[in-house]
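First comes the structure, then the notes that go with it.
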Amino acid sequence: MRSLSRHVTARFVPSIAVALFTFLTGYSAAQTTTTPPTTPLAAPAPAPVASTNNTYSSSGFSFTTAPTPTWVELAGVSAGISTDTAPDAPIKILLLDYQTKLYPAPQVNYNRVAYKLQTIAAMQQTSELTIRFNPEYQTLTLHTLNVVRKGSKQNRLKPDAIKLLQREEDMDQALYDGTVTALVVLDDIQVGDIIDYSYSITGANPVFANNFVTQFGLGFSSSIARVRHRIITPTGRTLNARSVAGDFNPVVSTKGGYREYLWDQRNTTALEYEDGAPAWHDQTPYVSVSE
Numbered sequence: 003m004r005s006l007s008r009h010v011t012a013r014f015v016p017s018i019a020v021a022l023f024t025f026l027t028g029y030s031a032a033q034t035t036t037t038p039p040t041t042p043l044a045a046p047a048p049a050p051v052a053s054t055n056n057t058y059s060s061s062g063f064s065f066t067t068a069p070t071p072t073w074v075e076l077a078g079v080s081a082g083i084s085t086d087t088a089p090d091a092p093i094k095i096l097l098l099d100y101q102t103k104l105y106p107a108p109q110v111n112y113n114r115v116a117y118k119l120q121t122i123a124a125m126q127q128t129s130e131l132t133i134r135f136n137p138e139y140q141t142l143t144l145h146t147l148n149v150v151r152k153g154s155k156q157n158r159l160k161p162d163a164i165k166l167l168q169r170e171e172d173m174d175q176a177l178y179d180g181t182v183t184a185l186v187v188l189d190d191i192q193v194g195d196i197i198d199y200s201y202s203i204t205g206a207n208p209v210f211a212n213n214f215v216t217q218f219g220l221g222f223s224s225s226i227a228r229v230r231h232r233i234i235t236p237t238g239r240t241l242n243a244r245s246v247a248g249d250f251n252p253v254v255s256t257k258g259g260y261r262e263y264l265w266d267q268r269n270t271t272a273l274e275y276e277d278g279a280p281a282w283h284d285q286t287p288y289v290s291v292s293e
């Protein structure tokens with residue numbers, strides 16, 4: 003089983019429900035395309051958050067709220083995207099957007115997730131959002147938390163209600179990694195609602211001595227409308243990408259003094275594993291990126 007973190011640099015991703023995030027636990031496979039759209043999607047209006055950073059504390063730890071960073075390229079959730087890829091699934095994943103900025107230091111990892119609740123069971127399973135980070139070298143910034151109901155966007159970001167908990171998931175093995183979990187409870191959600199939230203984690207594990215290393219899956223057990231990975235670096239800093247169990251070459255472009263590496267998959271279809279394949283045979287596509 004692969005690590006739950008998209009970045010080996012101890013960058014953690016949210017875990018909402020098994021149905022939504024099976025792709026995090028095993029990079030289960032899907033057939034995807036890396037061809038970017040010829041016409042960019044319209045970006046949604048920013049959520050109504052404070053114009054300046056605000057800091058909040060809980061259980062001796064802290065996080066901030068702030069608008070979406072200006073370097074982030076916002077993506078539309080539904081414009082130009084077919085959302086019929088999983089008509090019978092309890093949860094329809096509309097957008098998984100991961101963007102990383104490597105300059106200037108420190109490293110910043112932006113995350114955005116949007117999904118639609120299609121059953122009562124899904125509504126019950128996704129009533130809590132969790133985000134993990136390590137306060138020893140990382141800070142958490144929440145940008146948006148919206149519920150879209152019948153086309154109307156509701157701002158649900160309530161910083162005072164967010165709890166920070168230190169949960170050592172491997173305590174039974176005497177392993178302590180110092181991670182903290184931000185717990186967000188969603189009240190008053192209904193079947194048909196779209197949950198759309200974003201946050202950034204700033205900082206990287208110092209054990210890597212500022213050398214960037216990451217690995218992310220490009221295969222999933224369920225259909226997803228759009229999955230995007232974007233990494234921007236200075237033009238003098240070159241990354242090497244290697245894809246496994248598939249041919250997933252990034253679209254590389256140079257603009258404004260930086261280089262962008264982009265993987266953009268749309269309307270993925272869940273891939274079925276080959277029956278009888280040995281356990282050591284990895285059928286799930288993923289990409290490794292390093293310097």
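Just remember that our numbering sits 2 ahead of the position in the sequence shown, which is counted from 1.
Don't be surprised by glycine CBs; every beta carbon is placed ideally from N, CA and C.
Bear in mind that the values here come from a model prediction, so they are computed numbers and not experimental data.
| query | Pairing CB atoms from the segment 123–133 with CB atoms from the segment 186–194, are three or more of them under 8 Å? | reply | yes
| request: Go ahead and pull the three-state DSSP assignment for GLN126. | output: Looking up residue 126 in the sequence shown gives position 124. In the structure shown, GLN126 sits in a helix (DSSP, three-state: H, G or I).
| field | Residue closest to ILE93, alpha-carbon to alpha-carbon, out of LEU241, ALA227, VAL253 and TYR112 | value | Against the sequence shown, residue 93 aligns to sequence position 91. The candidate whose alpha carbon is nearest that of ILE93 is ALA227.
| said: Tell me which residues share the same chain as VAL79 and place their Cβ nearer than 6 Å to its Cβ, disregarding the 5 neighbours each side in the sequence. | reply: Counted from its first residue, the sequence shown places residue 79 at position 77. LEU96, LEU97 and ALA116.
| Rounded to the nearest angstrom, how far is the Cβ of GLY221 from that of PRO287, given a contact under 8 Å? | Counting from one through the sequence shown, the residue named residue 221 turns up at place 219. Counting from one through the sequence shown, the residue named residue 287 turns up at place 285. Right, the Cβ-Cβ distance comes to about 4 Å (below 8 Å), so this counts as a contact.
| message | So, at 6 Å on beta carbons, what are the nonlocal neighbours of LEU144 in its own chain, with the 5 sequence-adjacent residues on each side left out? | response | To locate residue 144, count along the sequence shown from 1; it is residue 142. Contacts found: THR67 and TYR201.
| request: For the beta strand (DSSP E) holding GLN101, just list the boundary residues, first then last. | output: Sequence index remark: in the sequence shown, residue 101 carries index 99 (1-based). Element bounds for GLN101: 93–103.
| message | ASP99 and ARG244 - do their beta-carbons sit closer together than 8 Å? | response | Counting from one through the sequence shown, the residue named residue 244 turns up at place 242. Counting from one through the sequence shown, the residue named residue 99 turns up at place 97. It is not a contact, given that the beta carbons lie outside the stated cut-off.
| request: Give me the Cα-Cα distance between ILE260 and THR146, rounded to the nearest whole angstrom. | output: Numbered from 1 along the sequence shown, position 258 holds the residue referred to as residue 260. Numbered from 1 along the sequence shown, position 144 holds the residue referred to as residue 146. The amino acid at residue 260 is misidentified as Ile; the sequence shows Tyr. Cα to Cα, TYR260 sits roughly 27 Å from THR146.
| Considering only C-alpha positions, which residue in the set VAL253, ILE233 and ALA91 is nearest to GLN120? | Locating residue 120 in the sequence shown gives position 118, where the first residue counts as 1. Comparing alpha-carbon positions, the option among VAL253, ILE233 and ALA91 lying closest to GLN120 turns out to be ALA91.
| Delimiting residues of the beta strand (DSSP E) encompassing ARG158 | Here residue 158 refers to the residue found at position 156 of the sequence shown. ARG158 -> no beta strand (DSSP E), and no H or E assigned at all.
| message | In whole angstroms, give me the CA-to-CA distance for LYS160 and LEU185. | response | Within the sequence shown, residue 160 is the residue found at index 158, counting from 1. Within the sequence shown, residue 185 is the residue found at index 183, counting from 1. Approximately 12 Å between the Cα atoms of the pair.
| task | Mind reading off the beta-carbon distance from SER61 to LEU142? Whole number of angstroms is fine, and I expect it under 8 Å. | result | By 1-based counting over the sequence shown, the position of residue 61 is 59. By 1-based counting over the sequence shown, the position of residue 142 is 140. Actually they are not in contact, since the Cβ atoms of SER61 and LEU142 sit about 13 Å apart, beyond 8 Å.
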